[in-house]
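Colleague: Encoded as structure tokens, here's the structure I'll be asking about.
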């Protein structure tokens with residue numbers, strides 16, 4: 286077996302990552318994608334957990350239905366949404382066509398394709414957030430909420446001034462875990478739905494690493510991007526622990 290000669294280029298690959306327009310767009314896509322997934326997953330997960338925490342008939346069934354998408358693999362989630370948003374035969378376009386008379390080309394429009402990938406990633410992970418938020422809601426001190434109710438606080442006041450602060454430890458934990466998920470565990474979703482397209486609109490660092498390393502065999506660039514992604518996630522986690530934990534209120 287003949288191995289190609291390796292040439293040491295120093296920091297040239299890192300320079301390319303931060304200066305080449307293509308890779309700079311990949312970095313921007315990664316930040317936008319991860320931020321959107323984390324924000325939507327947390328907000329949606331909390332909203333669904335609050336609804337699932339209500340005392341209604343069949344609550345266990347509703348909770349199970351909310352949680353089951355998390356049991357699916359990212360690849361299965363990608364296939365499901367690929368069929369849902371198929372421009373010709375997808376259910377979404379069928380409904381939009383029948384109701385509004387429009388059939389968007391989801392997978393060839395850069396903005397729409399980015400939206401589809403974000404929605405898929407959120408749908409896949411929101412069940413994880415529901416589980417932890419629901420557990421946290423069921424363990425809130427009831428006497429505090431009852432005291433607020435006696436004092437005449439409205440439901441919105443009780444939620445934003447009491448429930449939400451008491452949930453801050455769980456929110457902080459989920460913020461870190463969702464960030465890791467958005468950066469590392471969404472490769473299969475992007476690969477199955479858009480393959481980084483159209484025109485690189487959904488190409489993130491984790492997918493760019495795969496393409497450079499295993500499709501283009503540009504191992505130097507793949508390695509440089511891997512280090513950048515790893516260091517970026519570590520720094521982001523440190524920032525979250527440094528500044529986010531200040532807003533966390535632990536009940537005593």
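Numbering (our numbering), first residue to last: 286 to 537.
Even for Gly, the Cβ is constructed at its ideal location relative to N, Cα and C.
All of these numbers come straight from a predicted model, not from anything done at the bench.
1) Would DSSP call residue 493 helix, strand or coil?
2) Whole-angstrom Cβ separation of residue 465 and residue 366, contact assumed at under 8 Å?
3) Near residue 369, which residues of its chain fall below 8 Å by C-beta distance, leaving aside the five closest residues on each side in sequence?
4) Just to confirm, are residue 298 and residue 422 a CB contact at a threshold of 8 Å?
5) Which residues mark the beginning and the end of the alpha helix (DSSP H) in which residue 379 is found?
6) May I ask which residues mark the beginning and end of the alpha helix (DSSP H) holding residue 345?
7) On the premise that residue 322 lies in contact with residue 473, defined as a C-beta separation below 8 Å, what is that separation, rounded to the nearest angstrom?
8) When you compare only the Cα positions, how much space is there between residue 476 and residue 357?
9) Where in the segment 434 to 507 do unbroken runs of the beta strand (DSSP E), each at least 3 residues long, occur, reported from the N-terminal end onward?
10) Rank 332, 494, 303 by C-alpha distance to the C-alpha of residue 542 and give the top, closest one.
11) Straight-line CA distance for residue 487 to residue 310?
12) Whether or not the segment 348 to 355 and the segment 411 to 420 are in contact is what I'm after, with contact meaning three or more pairs of Cβ atoms, one per stretch, closer than 8 Å; do they touch?
13) What separation, rounded to the nearest whole angstrom, lies between the Cα atoms of residue 451 and residue 330?
14) Which residue's Cα is closest to the Cα of residue 303: 517, 526, 522?
15) Say whether the segment 432 to 446 touches the segment 456 to 464, bearing in mind that this needs 3 or more beta-carbon pairs closer than 8 Å, one atom from each stretch.
16) Anyone know if the C-beta pair for residue 490 and residue 381 falls short of 8 Å?
17) Just how far apart, CA to CA, sit residue 316 and residue 511?
Modeller: So, to answer that:
1) helix
2) Wrong, their Cβ atoms sit about 22 Å apart, outside the cutoff.
3) 375, 376, 377
4) no
5) 376 to 384
6) 344 to 352
7) The beta-carbon distance between residue 473 and residue 322, rounded to whole angstroms, is 14 Å. This is too long to meet the 8 Å contact definition.
8) 16 Å
9) none
10) Residue 542 lies beyond the stretch modelled for the chain, which goes from 286 to 537, so this question has no answer here.
11) 10 Å
12) yes
13) 16 Å
14) 517
15) no
16) No, Cβ-Cβ distance for residue 490 and residue 381 is not below 8 Å.
17) Going by the C-alpha atoms only, they are around 15 Å apart.
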